[in-house]
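Comments concern the structure below.
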Amino acid sequence: MNSYRHLQGHAFATPFTAHSRMSDVILSSSAALLIISRCGIPLGFGDKSIGQICQEHHVDTKTLLLLLNSSIIENYDPTPEQIASVHLDSLLKYLTNSHSYFLDFRLPAIRQRLLSAMSNCPQDLTYVIRRFFDEYAEEVRKHMSYEDRVVFPYARKLMAGERDSHYNIGIFIKRHDQIELKITELKNLLIKYYTAPSGYEMTSVLQDIFTVEIDLAGHNYIEDAIFTPLIEHLEQKMA
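Residue numbers (the numbering used here): 11 to 249.
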């Protein structure tokens, strides 16, 4: 089981297929809900299958199935054939939408809730925690901005048959740090040193932080297990 599935605390044994009902997939795992939303698939699909929904919303079925199964199914490792069949446009849409979710919605929302929960906290501790969170969020922003500015355009050029002699996916692999691990320090800071009267608000914020840690791990796993091998495959084809 990969570390992301370990963080989730559960995994499923039977892979989904194009004939699986989308509603059953969503009900089986909250991770699936995030995946389909980042692929641009809205709710309200009744009893339609994954294949039907993908056709309606112009999402590549093989790519979506690989995202779902790799993220949710126990001991599911993409094969080279599955990697080669991925539709790069669909995968890049998923990854860029993931970045927007974290940077424009999830992390700002957690920051707002964190500041509200610390309203009765000593000012010096509030300052330290706020600064730590802002520095962490900036690290995430820099990490994802590099991918948006450099890595994804490089991937699109490869897809168009253009090879950049000054860049390769090996450069990305060397600097692709696990940003979700850094949030552990924030959890420890709050759990060990938050001294104000504890209540549901701070507990809820901590739950959000645990959740975003898992979600970031899932995001990195998709980049490591699907995106990177796909770009390596495209580079080899053009060698």
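Beta carbons: idealized from backbone N, C-alpha and C, even for Gly.
Contact under 9 angstroms by Cβ, residue i with residue j
{"i": "R119", "j": "D225", "result": "Checking the sequence shown, residue 119 turns out to be Ala, not Arg. For A119 and D225, no; Cβs fall outside 9 angstroms."}
{"i": "I93", "j": "L75", "result": "no"}
{"i": "S214", "j": "R140", "result": "no"}
{"i": "A23", "j": "I83", "result": "yes"}
{"i": "E245", "j": "S126", "result": "no"}
{"i": "I179", "j": "E91", "result": "no"}
{"i": "H153", "j": "D114", "result": "no"}
{"i": "S81", "j": "Y231", "result": "yes"}
Distance, residue j Cα to residue i Cα
{"i": "G54", "j": "P132", "result": "46 angstroms"}
{"i": "D134", "j": "L196", "result": "16 angstroms"}
{"i": "E157", "j": "L105", "result": "9 angstroms"}
{"i": "R166", "j": "D174", "result": "11 angstroms"}
{"i": "I193", "j": "L44", "result": "20 angstroms"}
{"i": "F112", "j": "L200", "result": "21 angstroms"}
{"i": "F182", "j": "M248", "result": "18 angstroms"}
{"i": "M128", "j": "F162", "result": "38 angstroms"}
{"i": "T89", "j": "E149", "result": "32 angstroms"}
{"i": "G171", "j": "Y177", "result": "15 angstroms"}
{"i": "I46", "j": "T71", "result": "11 angstroms"}
{"i": "E233", "j": "L240", "result": "10 angstroms"}
Residue of the options minimising C-alpha distance to residue i
{"i": "N79", "options": "M128, T106, G228", "result": "G228"}
{"i": "N198", "options": "P88, E223, N178", "result": "E223"}
{"i": "I63", "options": "Y86, E91, E84, R31", "result": "R31"}
{"i": "A235", "options": "V35, K58, P25, L77", "result": "L77"}
Which of helix, strand or coil DSSP assigns to residue i
{"i": "I83", "result": "strand"}
{"i": "R173", "result": "coil"}
{"i": "S39", "result": "coil"}
{"i": "S30", "result": "coil"}
Residue i: CB within 8 angstroms of a non-hydrogen atom of the ligand MN
{"i": "S33", "result": "Judged by which ligands are present, the structure shown has none, so any question about the ligand MN falls away."}
Beta carbon proximity, residue i to chain C, threshold 9 angstroms
{"i": "S126", "result": "Included in the structure is just one protein chain, with no chain C present."}
Stretch-stretch touch, CB-based, cutoff 8 angstroms, three pairs: the segment 40 to 50 with the segment 67 to 80: They touch, by the three-pair rule.
Touching by the beta-carbon criterion (3+ pairs, under 8 angstroms), the segment 29 to 45 and the segment 95 to 103: Judged by Cβ distances under 8 angstroms, the segment 29 to 45 makes no contact with the segment 95 to 103, as fewer than three pairs qualify.
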